[in-house]
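Residue numbers (the UniProt record's numbering): 1 to 198.
Written as structure tokens, this is what we have:
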């Protein structure tokens, strides 16, 4: 989106420069300036819309991560977690993945537009603002995804500990089997209940 708007500015400038108006009926430089200004305003509006959309996506991921933590706690607190909670957890994780992909795509688009502007040796306050926004959004995105990954890792470790305790209580199973079970824990806790089903 940003790249096409930037290319349109270049196209308009090249067409207007090629205009052979010897009669003086048009102000080529004025037209270039007007078109260029108009397209840059449109491009900045698109950038701002995407920045706000990315912020919203990051906030949504953050909220979903908190909900994932609650679901993890509910699953671990229950001796037999219900299927609904597990399904809700799966949906949350799928939504986080989908939203994260959207954020990555939009951040990449902004990064490409910045690189193109820099390639044209256009340095402006708007470009510096965009670079700062991109940097800030990228940092926030990395932070929220790092928190999500830490949440998943913590949950797996807690699941392994729970399985280990349950298996040790039974004391009827070989230690190799216990180790194998503990290492096979999935991220939704599905293995916890299925290990003890007959």
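A virtual CB, placed ideally from N, CA and C, is assigned to each residue, including glycine.
Going by beta carbon distance, what residues of the same chain come within less than 7 Å of residue i, once the five residues before and after it are set aside?
i           : result
residue 85  : 71, 74, 75
residue 140 : 58
residue 100 : 61, 145
residue 95  : 64
Consult DSSP for residue i and reduce its assignment to one of helix, strand or coil.
i           : result
residue 120 : coil
residue 82  : coil
residue 23  : Legend: pLDDT at residue 23 = 48, less than 50; position of this residue unreliable, value from coordinates given subsequently. In the structure shown, residue 23 sits in coil (DSSP, three-state: anything other than H, G, I, E or B).
What is the C-beta distance between residue i and residue j, in whole angstroms, given that I count them as a contact (C-beta under 8 Å)?
i           : j           : result
residue 164 : residue 51  : Contact flag wrong, Cβ pair sits at about 46 Å.
residue 68  : residue 46  : About 32 Å; that fails the 8 Å criterion.
residue 148 : residue 65  : 5 Å
residue 114 : residue 131 : 6 Å
Is it buried or exposed, residue i, if we count other Cβ atoms within 10 angstroms and call 16 or more buried?
i           : result
residue 128 : exposed
residue 79  : exposed
residue 135 : exposed
residue 169 : exposed
residue 137 : buried
residue 142 : exposed
Does at least one heavy atom of the ligand MG sit under 7 Å from the Cβ of residue i?
i           : result
residue 149 : The ligand MG is not part of the structure shown, which contains no ligands of any sort.
Just to confirm my understanding: we take residue i, look at its own chain, exclude 5 residues before and 5 after, and list those with CB closer than 8 Å. What are they?
i           : result
residue 23  : Low confidence applies here, because residue 23 scores a pLDDT of 48, under 50, leaving its location unreliable; read the following figure in that light. Within the same chain, residue 23 has no close Cβ partners at all.
residue 118 : 127
residue 91  : none
Spatial neighbours of residue i within its chain, please: CB distance less than 6 Å, with the 5 preceding and 5 following residues excluded, ordered by chain position.
i           : result
residue 106 : 50, 54
residue 110 : 134
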